């Protein structure tokens with residue numbers, strides 16, 4: 057079993073930056089893709105970004121060029137650097153570890169972009 061703990065969510069003004077962190081424990085996840093989803097009240101979770109064990113990355117169109125995902129497999133950690141934040145980025149951000157039997161999920165961290 058893998059436990060994921062996110063941190064770094066906060067209130068930030070439009071145009072600002074935040075860095076989210078997610079640490080996995082309980083088992084090594086160095087070979088698994090890791091990434092982030094986000095969710096606003098009343099809506100489904102939207103995929104944001106993913107990083108593979110080899111460092112390859114993918115991004116949703118809505119965040120491409122503004123967000124950067126990275127990982128340190130030795131530390132079982134994934135980060136999401138978010139720049140040029142917009143009010144529409146406001147959401148609870150969830151870290152995940154992908155696996156064939158179903159993803160592991162964190163509890164989420166709130167990001168609010170508002171002036």
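In the working numbering, the protein residues as written are 57 to 171.
Where a beta carbon is used, it is the ideal one built from N, C-alpha and C, also for glycine.
Note that the coordinates shown come from a computational prediction; the quantities given were computed from them, not determined experimentally.
Simplified DSSP state of residue 66, which is helix, strand or coil: coil
Exposure label - residue 71; buried when at least 16 CB within 10 Å: The residue in question, residue 71, is exposed, as its Cβ has fewer than 16 Cβ neighbours within 10 Å.
For residue 141, the residue or residues it bridges with in DSSP: None; residue 141 has no bridge partner.
In DSSP terms, what residue 172 is bridged to: Residue 172 is absent from the structure shown; the chain starts at 57 and stops at 171.
Nearest residue (CA-CA) to residue 96, options 79, 157, 84 and 148: Minimum Cα distance to residue 96 is reached at 148.
Beta-carbon proximity check, residue 162 vs residue 61, cutoff 8 Å: yes
Nearest-angstrom beta carbon gap, residue 169 and residue 146 [assumed within contact, 8 Å]: 5 Å
Exposed unless 16 or more other CB atoms sit within 10 angstroms - verdict on residue 144: exposed
DSSP state of residue 126 mapped onto helix, strand, coil: It is a strand residue.
Residue nearest to residue 127 in terms of C-alpha spacing, selected from 90, 171, 114 and 167: 90
Beta strand (DSSP E) segment containing residue 166, residue limits: 165-169
Within 8 Å, strictly: CB atoms of residue 74 and residue 138: yes
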